[in-house]
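Heads up, the thing below is written out as structure tokens.
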Amino acid sequence: MADEKTITNLRGPAARIIELSATTLSPGSPATAAMTGPDQARRFALGIPSGPRGVPGLDGVATDAAVGELVGTWAARDTSTGLAVAQALETAVSTVGTIPPKLPRGRILSRFQPGHTWANNAGGWLPFTDIVAHGSQSWGFTSTASAAETHVTRMEFLTPVNIIGKSVLVRAYIEDPTKVSNFSVTMDSGATGNSNTTTFGPLSVRAVDGGKWWDFLFGYGQAFDQIGSPDRTSMKRIGISIRTSAVINFRVNSVELVSATEALPTAMQKVVILESDDGDGTNALMHRVMSEYGARGTINMIAENMDRPNRLTYAQLKAWQRNDGWDVQAHAYYLTTQNFLALTPEQLDEELALLRAWCRRYGFQGDFVIYPQGGFNDTVRAIAAKYFRGGRTVYTTPVTVPGVRPYAIASMSVQNTHTVANVTAYMDQVVNSGGAAHIVFHHWVEGDAPAGDPIGWGTNQLRSIIEHGIAQGYTFATYSEVYGAR
2 MADEKTITNL RGPAARIIEL SATTLSPGSP ATAAMTGPDQ ARRFALGIPS GPRGVPGLDG
62 VATDAAVGEL VGTWAARDTS TGLAVAQALE TAVSTVGTIP PKLPRGRILS RFQPGHTWAN
122 NAGGWLPFTD IVAHGSQSWG FTSTASAAET HVTRMEFLTP VNIIGKSVLV RAYIEDPTKV
182 SNFSVTMDSG ATGNSNTTTF GPLSVRAVDG GKWWDFLFGY GQAFDQIGSP DRTSMKRIGI
242 SIRTSAVINF RVNSVELVSA TEALPTAMQK VVILESDDGD GTNALMHRVM SEYGARGTIN
302 MIAENMDRPN RLTYAQLKAW QRNDGWDVQA HAYYLTTQNF LALTPEQLDE ELALLRAWCR
362 RYGFQGDFVI YPQGGFNDTV RAIAAKYFRG GRTVYTTPVT VPGVRPYAIA SMSVQNTHTV
422 ANVTAYMDQV VNSGGAAHIV FHHWVEGDAP AGDPIGWGTN QLRSIIEHGI AQGYTFATYS
482 EVYGAR
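Take any residue in the sequence shown, note its place counting from 1, add 1, and you have its number in our numbering.
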């Protein structure tokens, strides 16, 4: 029996909980949450299915561990203000298993592994059974030189694959990522003269970090280099090139085809999300221009920025949300938070709990967290999964397909050196891959982009990219429309 606690910031009047309990249900059963007693608020019971939950291999975040820690330490949290209790209780209810998205997740359609569905025909790489994530075998090498050298292999699919409307995921083990300067993937339809190549480098901004396991994921339209006219309905070979500068182990464990356009309904298969980070007051210019075209955008707020001088006000944000269909998502709670990677797990948990509670207090969507400066790793993703539906970085290539990895959503963060052509090229690349193109801004001026503001852009350029999108048949939507809301 827990001590009596006053719960505030819950969805309704304050409630008094005198008993908190959890029951293990049979695998596959739906999770349950019930409040009983006087006024339906005296006892709170959780029913948690046994067995794995979430979507292993897709979102990469172990939500079971996060939920278990949350429920198990509920009574140990600081409850002096009631905020921590309310947030813990709310999160325990809404995060039992991975939060189900409004739209279907991307899903693995095919998995190709060494010795099963591909054959090596170049490069001299060898099969290994010592390091695997799936199956029983990987393909790779152990470098023997401390100087820079490039290792290349090419593997032939036993059956040609159609990659149109799909994304390609390469899962690889890299013993020391700091000793890798370049990683590239080439797919061709039978000859190197008809190929697409996607290059990842440096890894820290191009791939999803899972410790020593790295996920390299790209849409079929995201090739940085194309030679000839590859037949994307019949891709026959995949080549991998890695440049190392030390003695390290490297393994490719699997190549997976992931559904892309299936993750979005037909009306949303050409979607662009225009958003702005921090809450600068000049975003009123962005709102005005987008309203001229009937386009909806998203503001990602730093909580402590609201109502400060030259920053967006509560009245503005609520009006845009209520009257114009805009989203307000979560960026950081404290102005001093520059990067989640600089926080301890305990500090990050506190920050995200406060941030989620702040969004609820003011009635903002707040279902997604935008990582400051884009920094994230598995720890950040796991803690974010306790409070948010997903997370977005500022790196352009981790994931553009909605639902495939909801805590590693890619975007293009626009700088004043970017031209309209740079931005529209990224939009086209992602949309043509079946993904949602996230275009991120910070500051605005009337007219052309300012030379003295590295992250400023102009309303003339904004009009140009909106008109380009309209001409291509793109929909300018919000997070809530594309990914759903609680």
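Cβ atoms here follow ideal geometry from the backbone N, Cα and C, with glycine treated the same way.
TODO: Put S465 into one of helix, strand or coil per three-state DSSP.
DONE: helix
Open item on the list: Looking at Q322: is its Cβ nearer than 8 angstroms to the Cβ of D368?
Closed with: no
Task: Cβ-Cβ distance between D328 and S481 below 8 angstroms - done: yes
Task: Range covered by the alpha helix (DSSP H) that runs through E482 - done: Y480 to Y484
Task: Check: C360 C-beta below 7 angstroms from any heavy atom of the ligand SAM - done: Summarising the ligand content, the structure contains no ligands, and the ligand SAM is consequently not present.
TODO: Use the C-beta contact count for P373: other C-beta atoms within 10 angstroms, 16 or more gives buried, fewer gives exposed.
DONE: buried
Task: Residue of N195, A173 and L275 minimising C-alpha distance to T425 - done: L275
- [ ] Take the Cβ of A386 as the centre, count every other Cβ of all protein chains shown within 10 Å, and call the residue buried at 16 or more, exposed below.
- [x] buried
Task: Per-residue burial, V248 [other beta carbons within 10 Å of its own, 16 or more giving buried] - done: exposed
Task: Alpha-carbon to alpha-carbon, I132 and G375 - done: 30 angstroms
Task: Rounded straight-line distance, which links the Cα of I440 to that of G470 - done: 12 angstroms
Task: H444 burial status per 10 Å Cβ neighbour count (16 or more: buried) - done: buried
TODO: Report, in whole angstroms, the separation of the C-beta atoms of Q317 and A285, which I expect to be a contact under 8 angstroms.
DONE: 7 angstroms
TODO: Can you check DSSP and say which residues form a bridge with V162?
DONE: M236
TODO: Return helix, strand or coil for T128, following the three-state DSSP convention.
DONE: Just to set this straight, residue 128 is Pro in the shown sequence, not Thr. The answer is strand: DSSP assigns P128 an E or B state.
Task: Identity of the residues DSSP links to M413 by a beta bridge - done: I440
Open item on the list: So, with DSSP's three-state summary, where would you put N183?
Closed with: strand
Task: Cβ-based neighbour list, V421, same chain, cut-off 8 angstroms, excluding 5 preceding and 5 following - done: Q462, S465, I466 and H469
TODO: May I ask you to verify whether the segment 147-166 touches the segment 226-239, counting CB pairs closer than 8 angstroms and requiring at least 3?
DONE: yes
- [ ] Could you check what DSSP says for F365 in three-state terms: helix, strand or coil?
- [x] coil
- [ ] Mind checking who Y174 pairs with in its DSSP beta bridge?
- [x] W214 and R252
Task: Cβ distance (whole Å) where I243 is taken to contact H152 below 8 angstroms - done: 5 angstroms
TODO: Out of Q348, C360, V432 and T394, point me to the one whose CA is closest to V415's CA.
DONE: T394
TODO: Measuring alpha carbon to alpha carbon, tell me which of D379, F219, L218 and G240 ends up nearest S196.
DONE: G240
Task: Inter-residue Cα distance where the pair is S137 and V253 - done: 12 angstroms
Open item on the list: Measuring alpha carbon to alpha carbon, tell me which residue in D279, V171, L313 and A383 is nearest Y334.
Closed with: D279
Open item on the list: Relative to the C-alpha of F493, which candidate in T337, N340, N301 and R390 has its C-alpha closest?
Closed with: Missing from the structure shown is residue 493; the chain here goes from 2 to 487 and no further.
Task: Cβ-based burial, T82 [other Cβ within 10 Å; buried from 16] - done: The predicted model places T82 with a pLDDT of 34, which falls under 50 and marks its position as unreliable; any figure quoted below should be read in that light. T82 comes out exposed.
Open item on the list: Given this structure, state the Cα-to-Cα distance separating Q339 from I371, to the nearest angstrom.
Closed with: 12 angstroms
- [ ] Closer than 8 angstroms by C-beta to T145: which residues in its own chain qualify, once you throw out the five before and the five after it? Chain order, please.
- [x] V248
Task: Residues of its chain near M413, where Cβ-Cβ distance is below 6 angstroms and the 5 sequence neighbours each way are ignored - done: T397, Y427 and I440
Open item on the list: Run through the DSSP bridge pairs and tell me what A333 is partnered with.
Closed with: I303
- [ ] Decide if A343 is buried, meaning its Cβ has at least 16 other Cβ atoms within 10 Å, or exposed.
- [x] exposed
Open item on the list: My assumption, with CB atoms under 8 angstroms, is that S168 sits in contact with V290. Please give the rounded CB distance.
Closed with: Between V290 and S168 the Cβ distance is about 32 angstroms, and since that is not below 8 angstroms, they are no contact.
Task: Nearest-angstrom Cα separation, counted from F377 out to I410 - done: 11 angstroms
Task: Residue span of the alpha helix (DSSP H) that contains W321, given as start and end - done: Y315 to D325
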